[in-house]
Every structure is written in C-alpha cells, then in structure tokens.
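J.: A single structure is presented below for examination.
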Amino acid sequence: MKFLGRRLAFYLLTAWAAVTINFFIPRVMKGDPVQSLINRYQGQISTEAEHSLYVLFGLDTQESLWQQYVDYWGEILHGNFGISFTSFPTPVTEVIGDSLPWTLGLVGVATVIAVVGGSLVGILIGWRRGTWMDAILPVTTFFSSVPYFWLGLIAISVFAIWWPVLPLGGAYDGGLIPGWSWEFVSSVLEHAILPGLTIVLASISGWILGMRNMMVTVTSEDYVTVAHAKGLSERRVMFGYAARNAILPQVSGFALSLGFVVSGTLVMEMVFSYPGIGLQLFNAIGGKDYPLMQGIFLIITLAVLVANVLADVAYVLLDPRTRQEA
Amino acid sequence: MSSMPVGVVDAESEILAPVEPTRTPGARAKRSRVAFLSSGKATAGLVILVLFAVFAIIGPWVAPYDPNEVTVDLLLPPSGAHWLGTDHLGRDVLSQLLVGTRSVLLVGVLAGVFATLLAILVGVSAGFLGGVGDEILSALSNVFLVIPALPLIIIVASQAPDAGNLLVAIVLAATGWAWGARVLRAQTLSLRKRDFIEAARANGESTARIVWFETLPNLTAIIASSFVSTVTFAVLSQTTLAFIGVTSSSDWSWGTVLYWAQANQALSRGAWWWFIPAGLLIATLGMALTLVNFGIDEFVNPRLRAAGLSGRGLRKQKITPRIGFTAVRLDPVGARAPGAPTAQGSTASSKPPGTGSTPTHQGSNPTDTEAAR
C-alpha cells in the first residue's frame with residue numbers, strides 16, 4: 001500500500017510539526033503569565049511538577065534550546081502534558097480524558113450525519129439541476145456564511161427559551177448519576193439534539209455545495225453518457241457512475257475541512273455548555289490555563305489526524321486506482 | 001472539453017457580443033470584466049461589500065452614540081432613540097456594531113492580503129521549483145491545512161500580551177494561507193507545461209519575467225478567489241475569537257458585541273436585539289464574499305456558469321436541463337441542431353485559444369468544491 005504509506009508518513013510529519021509548534025509558541029510569546037501562575041500556587045506545586053512545567057513552558061533557560069526540545073519530547077511521549085491550573089492539581093491528560101468522550105460522541109455523530117446527508121442531497125441537486133431543488137443552494141450559501149456559534153445562540157433562544165421544548169445546555173440533567181440507566185441515556189440524547197442538529201445544519205451546506213459542483217462536472221463526462229446509452233437504470237447511472245466518481249474529491253476534502261468543522265464545534269460546545277473539549281478550552285482561556293490549552297491543541301490535532309487516516313482508507317476503498325499503484 | 005451545454009451557451013454569448021475586429025488588450029479586459037459582472041451574484045456581492053466598506057470608514061462618525069457610553073437606559077428594546085436597543089450597561093448596540101465594522105473588515109482584509117501574498121510565494125515557487133523544493137513546500141502547506149486552525153490561533157492570541165487587530169490578522173494569515181498555496185501550486189504546475197511558457201523560455205526570458213509577466217496574469221482569477229476565501233475565513237475566525245473573549249476587549253467588533261451578549265445572559269433575558277443583528281451582519285458579509293467567489297468560479301469554470309443558470313433562465317434560452325447531463329435545444333436553430341459540436345467549433349473559431357479565461361479552466365475544480373467552506 002504505497003498510497004497509505006505515504007499518507008501515514010505525512011501524518012507523522014504533521015504530528016511532529018504540531019508538537020514543535022506547541023514547543024515554540026510559549027518561547028516566542030514570552031509568556032510570563034506562567035511564572036505568575038507558578039507564584040500563585042507556590043508551595044502547592046511539587047518540585048517534580050514544577051520541573052515539568054519549566055520544561056513544558058521553556059522557563060528552563062539555563063539549558064540549551066535543543067536540550068529543552070529533547071526534554072519536551074520526553075514529557076510528551078510519557079503522556080505528561082503538565083498540570084491544569086483551573087482544576088488544580090489535576091493533570092491535563094485527566095481533564096482532557098474526562099471531556100473527550102463527549103466531544104467525540106457529539107462531533108462524530110453530527111459529522112457523519114452531515115457528510116452522508118450532505119453528499120446525498122448534493123448528488124440529487126447536481127443530478128436534477130434546473131429543477132425546484134436548485135432553490136436549496138441559496139439557503140446553503142446562507143448557512144455556510146454564518147458562524148456556528150451564532151446558529152447555536154439562535155437555536156437556544158428559539159427552542160429552549162422562547163418555545164422551551166429542549167434543554168438549554170449541558171450534557172445531561174444535573175440531578176442524574178452518570179450510568180447506563182435508561183433515564184440517564186435518554187437525558188443525554190435529549191441534551192444532544194440541539195447542539196447536534198445545529199452542527200449538522202451549519203456544516204452540511206459545505207458538503208452539499210461541494211458534491212453538487214462535482215456532480216455537475218462529472219455528469220457531462222463521456223462515461224456517464226455511455227452508461228445512459230447502454231440503457232442502465234437512472235439510479236444505477238446516478239450512484240454507480242456519476243456519484244461514485246464525484247464523491248472522491250469529497251473524501252479528500254473531508255480531510256481538509258475537518259479542522260474547520262472541529263473548530264466550529266469547539267465554539268458550539270462553549271455556547272451550549274456541553275462538557276466536552278471545547279468547553280474546557282473556553283474555561284482554559286478564561287483562567288489563562290496554558291498547559292490545558294496546549295494539551296487540548298495537541299489532542300485535537302491528533303484526533304483530526306486519526307480521522308484523516310480513516311478518510312484515506314475510505315479513499316483507497318472507493319478508488320481502485322490507488323490500489324493499483326501498490 | 002466534452003460539455004455540450006457550455007458550447008451552446010458560450011456560442012450564444014459570443015453571437016450576442018459585438019464582434020471586435022482587432023482584439024486589443026484593453027478590449028479583452030473590458031470584455032472579461034463584463035463577463036464577470038454579467039453574473040448577477042457577483043454584482044450583488046460586490047455592492048454589499050462596498051456598502052460594508054463605506055460603513056467601515058464612516059462608521060465611527062455616523063454612530064449616534066459613543067459605543068462605550070454607559071447610560072441608565074438598561075437593556076431597552078429597539079426604539080426611535082436606540083434603533084437596535086441598548087445592552088446591560090445602557091450602551092447603544094447600533095453604535096457598537098457601526099464602530100465594530102472597521103475592526104472586522106480591517107482584520108479580514110489584512111489577513112487576506114498577508115495570506116494571499118504568502119500563498120503566492122509558496123504556491124507559485126513550489127509549482128516552478130519542482131523536485132525536492134516542491135515536495136517540501138507542498139508538505140508544509142498540507143501540514144498547515146490539516147492542523148486545526150482555531151485552537152492554534154487561540155493559543156497564540158491568548159499568550160500575547162495584547163491581541164490587537166494587527167496581531168490577530170497576522171495569526172489568521174499564518175494559519176489560513178495553505179489552501180490558496182495548494183490551489184496556486186496545482187495551477188502553476190499545469191501552466192508551466194503550456195506552450196506559451198515554453199516559448200518564453202526558448203526566447204531566453206528570465207525566470208523572474210516568466211513568473212511575473214507570463215504566469216501570474218494567468219493566475220489572477222485563482223488568486224482573487226483564494227483572497228476572497230481567506231477574507232471569509234478571517235472574518236468568521238475574528239468574530240469567533242472576539243466572541244470567546246480572546247481578542248483585545250477594547251476594540252469593538254461584531255464578535256465583541258456577541259461576547260457581551262453571551263456573558264450577560266442576553267438569551268434568557270430575551271434581548272434578541274443584542275445578538276441577532278450582529279449575527280445577521282456576519283452572515284450578510286459572509287454571503288457577499290461567497291457570492292463574489294461564485295462569480296469568480298463561474299467566470300473561471302464555464303461548466304458551472306452553465307449550471308449556475310436557474311431552471312427558468314435555461315428555459316428562456318430554450319435549453320431544457322434533462323437529468324443533469326445533456327442540454328437539449330427545444331427548437332433546432334437552422335442546420336446546427338442538435339448543434340453542440342458545431343457550436344463548439346464556432347466558439348473555437350471566434351475565440352482564439354489561450355485568451356481570456358481559457359488557460360484557467362483545468363485544475364480549477366478544487367476551488368469550486370471548496371469555495372463555500
């Protein structure tokens with residue numbers, strides 16, 4: 001699998017770049033707030049934790065930059081991202097570990113719905129262009145120009161305040177104990193409807209537009225005409241010939257737009273007080289919790305890279321040409 | 001190009017256009033400008049953009065109140081005195097939005113300019129260098145494409161002592177240039193192998209001249225489109241940053257208004273005038289930018305131009321869009337019917353290859369699929 005190998009090498013490079021960027025930012029920005037935070041918790045930070053903070057934030061100035069870099073990698077590879085200031089003295093990894101499942105669940109399901117639904121709608125609009133379905137296009141243009149969080153604000157004010165059918169925010173009722181009881185699960189689902197639908201609504205337009213434009217381009221190809229001439233059923237031509245070719249740029253576009261979708265979702269969580277990574281990031285900004293912010297950045301980047309690997313596998317399955325190269 | 005509808009539509013517009021015996025560069029520029037504006041979308045987008053630009057300049061002067069002026073008129077709904085109501089400190093929301101327009105546009109345009117320059121630098125040199133240099137530059141832009149921008153921007157902006165407009169614009173440009181570079185590289189690669197570049201090289205023109213006078217003019221549409229996309233990205237990101245309170249709070253922008261609204265429970269207090277207008281402004285600006293980009297896309301890629309016509313528009317031209325792939329003329333015009341190959345022939349004869357937008361047709365698909373994201 002030469003194709004996948006190349007991609008994997010690229011993702012390793014990206015991961016290295018992300019860690020390196022993370023290493024250099026505090027050193028370039030001269031973040032002396034870190035020093036003041038250490039002062040704030042004087043006596044409460046163990047000498048070992050203090051040392052790892054020094055290493056992570058480049059306050060260890062008596063060492064050479066290279067030595068700092070090596071130490072930094074040592075800390076990262078041991079899964080030590082430092083200690084969160086806002087929820088002191090919990091390690092950053094623990095804070096992230098608590099909130100990651102919520103984000104993965106919400107973003108994962110919403111993104112899958114948006115990609116699949118958007119591609120299907122795009123196929124239909126592109127195939128039957130010039131009918132009433134073209135009216136969907138201006139609507140999607142509107143939704144693709146609106147920031148996610150504003151849609152969230154509107155959704156809350158309409159469905160939670162003005163017409164209170166759904167909860168305002170959070171991930172489950174405060175009175176419930178997390179567990180696999182029906183009560184808890186249904187509460188979780190109820191709380192996920194509004195943020196999930198808003199993410200789908202905000203991100204689906206990009207997929208519709210992309211798919212539609214590719215369909216328009218692909219439907220005028222000769223092989224589609226030939227498929228029609230052979231007398232294949234319209235559905236077969238639409239999905240098996242036109243859509244199958246039109247969807248390839250969607251899959252590679254998925255990798256590129258994922259960072260954008262994730263960014264939008266982070267802000268969405270802040271609006272809905274959904275206890276995922278985004279809310280933690282928001283709290284970290286408020287509390288100037290730099291270790292948490294940087295840890296979150298690394299984790300999100302890694303998650304995006306994993307999603308990219310999955311998209312590449314899907315690409316290989318869809319496009320026989322990549323398999324032939326091997 | 002096997003697209004029949006394009007041939008038909010192009011042929012018609014060629015017939016309608018006054019035939020110019022000599023194609024001077026000026027005449028060609030005029031023709032292509034008209035072609036760009038003939039798409040109503042682009043015109044509408046440009047008009048909205050100009051309006052916003054005017055308000056960005058005169059906003060602070062026409063604002064009825066000082067946006068920071070605290071009064072006793074707390075949280076008033078819209079009225080004659082306060083067209084968009086007041087916030088929790090009695091400050092006029094309309095004035096805040098008017099004053100904030102400047103920040104939004106300034107950051108958007110600055111970030112767009114910086115990012116586009118960077119994209120041209122990286123993309124065009126990657127396309128021209130080839131080999132190892134190309135590999136390195138492509139890998140660099142791909143890395144920046146994959147790394148999620150917003151958390152990175154947040155880290156940088158929140159560690160800076162004071163995240164003013166200029167810093168935000170620079171950070172946004174540093175994270176938002178990669179897509180443009182990728183598209184420009186692809187297009188440069190395809191241009192580099194064209195005959196006219198080969199001819200220039202055979203004439204002994206210097207590389208600098210080939211880049212500046214042979215290549216860049218042919219990339220104009222793509223550069224413009226990538227500029228507009230970056231501005232859209234920057235405007236949305238700037239608003240998001242201001243909304244979560246990362247940017248300097250002394251600068252008013254639309255996101256700052258939303259930040260105050262969210263921080264003071266505008267939602268549960270039912271103060272819709274506080275957060276709806278700001279969002280609508282962002283949406284309008286974003287739509288205007290997207291419309292301009294549609295115009296550029298359709299100008300660059302004639303297939304989309306044909307597809308962009310509404311069903312009624314197509315029917316007016318006696319073209320029935322049928323199951324998406326073939327445009328069928330209802331009444332055969334003379335002997336040309338069904339006419340597509342002949343029509344294409346006439347297009348080719350009346351338009352010398354290599355003029356206007358023709359060189360940019362291929363390789364522009366990434367722009368189309370990504371334009372709206």
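Taken in sequence, the protein lines are chains A and B. The numbering of the first sequence is UniProt numbering, which starts it at 1 and goes up by one. The numbering of the second sequence is UniProt numbering, which starts it at 1 and goes up by one. Quick reminder that beta carbons are idealized off the backbone N, C-alpha and C, glycines included.
(1) Check whether the Cβ atoms of T14(A) and V146(B) sit closer than 8 Å, and answer yes or no.
(2) Does any residue of chain B bring its CB to less than 8 Å from the CB of M268(A)?
(3) Does the region 142-156 of chain B come into contact with the region 6-23 of chain A, if we say contact requires no fewer than three beta-carbon pairs (one atom in each stretch) closer than 8 Å?
(4) Output the distance between the C-alpha atoms of A229(A) and E205(B), rounded to the nearest integer angstrom.
(5) Does the contact criterion of 3 or more C-beta pairs under 8 Å hold for the region 107-115 of chain B versus the region 73-87 of chain B?
(6) Between the region 294-306 of chain A and chain B, which residues of the former have a C-beta closer than 8 Å to a C-beta of the latter?
(7) Going by DSSP in three states, T247(B) sits in which element: helix, strand or coil?
(8) Check whether the Cβ of T14(A) lies closer than 8 Å to any Cβ atom in chain B.
(9) Using the C-alpha atoms, what's the distance from L184(B) back to L104(A)?
(10) Under a CB-based cut-off of 8 Å, is residue 381(A) close to chain B?
(11) Taking only beta-carbon positions, decide if F275(B) is within less than 8 Å of chain A.
(12) Which residue from A114(A), R6(A), M215(A) and G295(A) puts its Cα closest to that of I21(A)?
(13) Tell me where the alpha helix (DSSP H) around D297(B) begins and ends.
(14) Hey, is L75(B) close to the ligand MG, as in C-beta under 7 Å from one of its heavy atoms?
(15) Please list, in chain order, the residues of the region 236-247 of chain B that have any C-beta partner in chain A closer than 9 Å.
(16) Verify whether the separation of the beta carbon atoms of V228(B) and N293(B) is less than 8 Å.
(17) To the nearest angstrom, report how far apart F159(A) and A202(A) are at their CA atoms.
(18) Listing by chain order, which chain A residues have their CB less than 7 Å from the CB of W272(B)?
(19) Looking at the structure shown, is D66(B) part of a helix, part of a strand, or coil, going by DSSP?
(20) Which residues of the region 282-304 of chain B have a Cβ closer than 9 Å to any Cβ of chain A? Give them in chain order.
(21) Using only the alpha-carbon positions, how far apart do L137(A) and I48(B) sit?
(22) Would you mind reading off the limits of the alpha helix (DSSP H) that contains A139(B)?
(23) Taking the alpha helix (DSSP H) that Y72(A) belongs to, which residues open and close that run?
(24) Just the Cα atoms here: how many angstroms apart are A307(A) and A81(B)?
(25) Of the residues Y72(A), A242(A) and E94(A), which one's Cα is nearest the Cα of T219(A)?
(26) Taking one C-beta from the region 229-239 of chain A and one from the region 65-74 of chain A each time, how about it: are there three or more such pairs within less than 8 Å?
(27) Is any beta-carbon of chain B found at less than 8 Å from that of G259(A)?
(28) With H, G and I counted as helix, E and B as strand and the rest as coil, what does DSSP make of W212(B)?
(29) Along chain A, in chain order, which residues have C-beta atoms closer than 9 Å to that of I57(B)?
(30) Between which two residues does the alpha helix (DSSP H) containing N308(A) stretch?
(31) Under the rule that 16 or more other beta-carbon atoms within 10 Å means buried, what is F213(B), buried or exposed?
(32) Roughly how many angstroms separate the alpha carbons of T141(A) and Y259(B), rounded to a whole number?
(33) Within the region 228-293 of chain A, note down every full alpha helix (DSSP H) run reaching 4 residues or more, in order along the chain.
(34) Report all residues from its chain with a CB closer than 6 Å to the CB of G126(A); omit the five preceding and five following residues, and keep chain order.
(35) Taking the continuous alpha helix (DSSP H) assigned at L191(B), which residues delimit it?
(36) Buried or exposed: which applies to N203(B), given that a residue is buried once 16 or more other Cβ atoms fall within 10 Å of its Cβ?
T.: On the basis of the coordinates in this document:
(1) The beta carbons of T14(A) and V146(B) sit closer together than 8 Å.
(2) No, M268(A) lies away from the interface with chain B (no Cβ there is under 8 Å from its Cβ).
(3) Enough Cβ pairs lie closer than 8 Å, so yes.
(4) About 50 Å.
(5) Judged by Cβ distances under 8 Å, the region 107-115 of chain B makes no contact with the region 73-87 of chain B, as fewer than three pairs qualify.
(6) Cβ contacts with chain B come from Q294, I296, F297, I300, T301, V304 and L305.
(7) Secondary structure at T247(B): coil, using DSSP grouped into helix, strand and coil.
(8) Answer yes: the Cβ-Cβ gap between T14(A) and chain B drops below 8 Å somewhere.
(9) So the alpha carbons of these two residues sit roughly 34 Å apart.
(10) Given that chain A is displayed from residue 1 to residue 326, the structure contains no residue 381(A) and the question cannot be resolved.
(11) Cβ-Cβ to chain A under 8 Å: yes for F275(B).
(12) Nearest C-alpha to I21(A): G295(A).
(13) Looking at the DSSP string, the run of the alpha helix (DSSP H) that includes D297(B) is W272 to V300.
(14) Because no ligand of any kind appears in the structure shown, any question about the ligand MG cannot be addressed here.
(15) Residues L236, S237, T239, T240, F243, I244, G245 and V246.
(16) Closer than 8 Å, so yes.
(17) Those two C-alpha atoms are separated by around 16 Å.
(18) The answer, in chain order, is S157.
(19) If DSSP states are grouped into helix, strand and coil, D66(B) belongs with coil.
(20) If the cut-off is 9 Å between Cβ atoms, the region 282-304 of chain B has I282, A283, T284, L285, G286, M287, A288, L289, T290, L291, F294, D297, N301, R303 and L304 near chain A.
(21) Their Cα atoms are separated by approximately 19 Å.
(22) For A139(B), the uninterrupted alpha helix (DSSP H) segment begins and ends at G131 to V146.
(23) DSSP places Y72(A) in the uninterrupted alpha helix (DSSP H) bounded by L65 to L77.
(24) Going by the C-alpha atoms only, they are around 52 Å apart.
(25) The shortest C-alpha to C-alpha distance from T219(A) to any of Y72(A), A242(A) and E94(A) is the one to A242(A).
(26) Contact annotation: the region 229-239 of chain A does not touch the region 65-74 of chain A, with fewer than three C-beta pairs closer than 8 Å.
(27) Interface criterion met: the Cβ of G259(A) is under 8 Å from a Cβ in chain B.
(28) If DSSP states are grouped into helix, strand and coil, W212(B) belongs with the helices.
(29) In chain order: nothing, as chain A lies at least about 23 Å away.
(30) DSSP places N308(A) in the uninterrupted alpha helix (DSSP H) bounded by Y290 to L318.
(31) Exposed, since its Cβ has fewer than 16 Cβ neighbours within 10 Å.
(32) T141(A) and Y259(B): Cα-Cα distance of roughly 25 Å.
(33) Contiguous alpha helix (DSSP H) elements confined to the region 228-293 of chain A occur at 244-272 and 277-286, taking only those with 4 or more residues.
(34) Here the set comprises R212, M215 and V216.
(35) A178 to R192 is the extent of the alpha helix (DSSP H) around L191(B).
(36) It counts as exposed.
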